[in-house]
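Engineer: Pasting in a structure now, in structure tokens, and then I'll have a few things to ask.
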């Protein structure tokens, strides 16, 4: 397989997963905005959503102060924002188009249809009430693509690159979503444990479609350390950091079997996984959740770079 | 102009011509609303599969469909024999010409062609001088554009030796027809075309370079997904089971060419390139260019890789060179041309120029190096003022122009607004040249969907048809 083909498959799924992150972030935004009072008022939820999406500066340059309508516009439709949902879908589809012949007809059909639909959504008039619908639409499209891949793609090296894209991106996304809650939304220690605090954690779980799964896995009261444990260290949770690293590691091992050569990326992901397994949630809270998550996203970025140099250069 | 002025491929006066009889019966037996339903079904299939071409500078709907007409264009065995042998003959003559002009230049020495026209031609590639490509072939895929003006009158409009496109439409049109109307293929005996990709692959394998000592690894080189023919590139790669590469996917090491793969470098022996010469190797052609593969031409010249079509092939399909193809056929093959050129006046010749200036309102006058309809005068549709202005240019630089009569293109029955009407068509058969020569039975028929229009280009509202060659 050409390095560029592998790279396109990897980025196709990364972009689709990223589109899903934006939808989930928007969902956190509007759900929390429905709450009457938070410590710093209406603006901060939306500002924190922008910050978690890494879109603060781009937004501020274009629109100035945070305002729901513009944030929605910026995170969903705006092609000037390289990680808006529409941009991600464009990129995912463009990558798919380049490697059309490495995808099944069904996978192509889904991604091509999503692309056509996002263009027609852009034509619709803005209505605040539409936000839940478009968030829902995005996560549903992402599931359709995921399903088409799982049920039709040959499980060869291309499949491994598609999955690597998914899990690397998802690890990064879960860390960002967690960080919105812990660091950005609730900076004052006094608020910890309050009603607001509790509501925000629930919102986070709901936005990640993980509320019920959490309930199944953790009987008793919902506490921040349980939620954090669920999203960081519980390998059974499909969005947890540990789960994502385990899956990435599995696909890198499969690639070793196919290509008959070990890579740097494989070592690095194994290291990251081991160091997570050896952590417990108390030590993470002691270190500071924000610091831990920041450090984690840096390591994921480094892992992405190592995957690039391990597979996508193709030289001697 | 009266319709009966043109050769109608379906009707001979009121009589339906033999090859169309069964198809017409089939169309007439269908309820009228059924035809419309089938038509939109075909369009949906095309869009689903994604057979589109990209138009530049149009963000709104960057990918368009070429309209597909479901009434096939049908050729009898006798008609096809003439086309087939004529196309084969031209492909042989053009390759003989290329071998000659990059070697001793006998045709020029014999005074059959002006030296300046060949050696000063912008498409003449000095990098190719003295190199003999494997099997003596420069042009491996030749697309010959043919128009018909009468029952036995076929003319060649132009030869395409560089990177002729359209073959994916030829294959997909047949695929869709067989899927939608299987019964038609039971009552009509149509020559199959499905093995084209396999024969192309064999053709490319047969021109493997001297340094290749194994089953050759082949790749298609594309300019990228933004190219208007990208669908065709990926389609062919898929059908042949080979990689589709861009310049950035290739590199040269020790005069051998490698693809960058997830396993590391993989050597490649034959490149079927769908890029211009200028984008092959920045060390040879355009030092300002970041595109292409540095060192590729050295690998080519030292027998490390074959490039199809060979660099320098463009000199054979230049418009001014075209007028000499009948001479090439005489000179290299000692044969009479089976397919005629459109009668062409070379304005560089004073007698021809005088005639052209006299008849401007009836002729089509073209610049020899122009393409895509630029620098062109269509006499019958031009104003007096336009003709006078053009005459000035013509007198100033007669060498730059040729002139041809306005051709009466034949018509084929076409389904327009729920009716069967005659529309003008042309034909591009595809000829593959390697160790052996093969002409695929059929080709791409393009049809001008506008009433009376003679312009079949897809960029100007042209469509495509499945092309049938009946078997005896």
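Residue numbers (the numbering used here), protein chains in the order written: chain A, 1 to 316; chain B, 317 to 788.
For every residue, glycine included, the Cβ atom is placed at its ideal position computed from N, Cα and C.
What residues from chain A crowd round residue 550(B), counting only those whose CB sits closer than 7 Å?
Structural biologist: 100 and 101
Engineer: Counting beta carbon pairs with one atom in the region 205–214 of chain A and one in the region 264–275 of chain A, are three or more of them shorter than 8 Å?
Structural biologist: Judged by Cβ distances under 8 Å, the region 264–275 of chain A makes no contact with the region 205–214 of chain A, as fewer than three pairs qualify.
Engineer: Which ranges would you report for the alpha helix (DSSP H) in the region 689–720 of chain B if only whole runs of at least 4 residues count?
Structural biologist: 700–712
Engineer: Check whether the Cβ atoms of residue 165(A) and residue 14(A) sit closer than 7 Å, and answer yes or no.
Structural biologist: yes
Engineer: According to DSSP, what are the bridge partners of residue 470(B)?
Structural biologist: 464(B)
Engineer: Under three-state DSSP, which class holds residue 374(B)?
Structural biologist: Note that residue 374(B) scores a pLDDT of 39, beneath 50, so its modelled location is shaky and nothing firm can be said.
Engineer: Taking Cβ to Cβ, would you say residue 462(B) is nearer than 7 Å to residue 472(B)?
Structural biologist: yes
Engineer: Round the Cβ separation of residue 469(B) and residue 627(B) to the nearest angstrom and send it over; I've been treating them as touching at under 8 Å.
Structural biologist: Going by Cβ atoms, the distance from residue 469(B) to residue 627(B) rounds to 36 Å, so no, they are not a contact pair.
Engineer: Using a threshold of 7 Å, state whether the C-beta atoms of residue 718(B) and residue 682(B) are closer than that.
Structural biologist: Going by C-beta atoms, residue 718(B) is nearer than 7 Å to residue 682(B).
Engineer: Compare the Cα-Cα distances from residue 196(A) to each of 5(A), 16(A), 20(A) and 32(A) and report the closest residue.
Structural biologist: 32(A)
Engineer: Quick check on residue 97(A) - is its C-beta less than 7 Å from some C-beta in chain B?
Structural biologist: yes
Engineer: Going along chain B in order, which residues have a C-beta closer than 9 Å to the C-beta of residue 6(A)?
Structural biologist: 577 and 578
Engineer: Taking residue 738(B) as the reference, which of 342(B), 356(B) and 388(B) has the closest Cα?
Structural biologist: 388(B)
Engineer: Tell me the DSSP bridge mates of residue 764(B)?
Structural biologist: 778(B)
Engineer: What's the gap between the Cα of residue 505(B) and the Cα of residue 415(B)?
Structural biologist: 39 Å
Engineer: On the criterion of 16 or more Cβ atoms from any shown chain inside 10 Å, does residue 523(B) qualify as buried, or is it exposed?
Structural biologist: buried
Engineer: Where does residue 604(B) sit, in a helix, a strand or coil, going by DSSP?
Structural biologist: coil
Engineer: To be precise: take each residue of the region 639–668 of chain B, compare its Cβ to all Cβ atoms of chain A, and keep it if any distance is under 7 Å. Which residues remain?
Structural biologist: Going along the region 639–668 of chain B in chain order, one finds no residue with a Cβ nearer than 7 Å to chain A.
Engineer: What number of angstroms, rounded off, separates the C-alpha of residue 122(A) from the C-alpha of residue 272(A)?
Structural biologist: Whole-angstrom Cα-Cα distance: 40 Å.
Engineer: Does the separation of the CB atoms of residue 170(A) and residue 17(A) fall below 7 Å?
Structural biologist: yes
Engineer: Going by DSSP, name the residue or residues bridged to residue 582(B).
Structural biologist: 575(B)
Engineer: What is the C-beta distance between residue 19(A) and residue 133(A), in whole angstroms, given that I count them as a contact (C-beta under 8 Å)?
Structural biologist: With 8 Å as the limit, residue 19(A) and residue 133(A) do not qualify as a contact, their Cβ atoms being about 15 Å apart.
Engineer: Closer than 8 Å by beta-carbon distance: list the chain A residues that pair up with residue 581(B), in chain order.
Structural biologist: Residues of chain A passing the Cβ test: 314, 315 and 316.
Engineer: Whose C-alpha, out of 518(B), 351(B) and 629(B), is nearest the C-alpha of residue 438(B)?
Structural biologist: 629(B)
Engineer: Using the DSSP secondary-structure output, state which residues sit across from residue 535(B) in a beta bridge.
Structural biologist: BP columns for residue 535(B) point to 559(B) and 587(B).
Engineer: If you count every other CB in all the chains shown that lies within 10 Å of the CB of residue 559(B), and 16 or more means buried, which is it?
Structural biologist: buried
Engineer: Report the three-state DSSP secondary structure of residue 622(B) (helix, strand or coil).
Structural biologist: strand
Engineer: Is it the case that the Cβ atoms of residue 55(A) and residue 81(A) are separated by a distance below 7 Å?
Structural biologist: yes
Engineer: Tell me whether residue 126(A) sits in a helix, a strand or coil according to DSSP, three-state version.
Structural biologist: coil
Engineer: Residue 320(B) by DSSP, collapsed to three states: which one?
Structural biologist: In this prediction, residue 320(B) scores a pLDDT of 49, lower than 50, which makes its location untrustworthy; no coordinate-derived value is stated.
Engineer: Which one of 409(B), 356(B), 398(B) and 336(B) has the shortest CA to CA distance from residue 645(B)?
Structural biologist: 409(B)
Engineer: Please compile the residues from chain B whose C-beta is within a distance smaller than 8 Å of the C-beta of residue 329(A).
Structural biologist: Nothing in the structure corresponds to residue 329(A), since chain A is present only between 1 and 316.
Engineer: Might you give, ordered along the chain, the residues of its own chain that have their beta carbon closer than 6 Å to the beta carbon of residue 375(B), omitting 5 neighbours on each side?
Structural biologist: Here the model assigns residue 375(B) a pLDDT of 41, short of 50, so the residue's position is not dependable, and the following value carries that caveat. If we look at residue 375(B) and ignore the five residues flanking it on each side, it has no Cβ neighbours.
Engineer: State the start and end residues of the unbroken beta strand (DSSP E) segment that holds residue 386(B).
Structural biologist: 384–391
Engineer: Return the bridge partner residues of residue 679(B) from the DSSP annotation.
Structural biologist: Residue pairing for residue 679(B): DSSP places it in a beta bridge opposite 721(B).
Engineer: In whole angstroms, what is the alpha-carbon distance linking residue 712(B) and residue 664(B)?
Structural biologist: 11 Å
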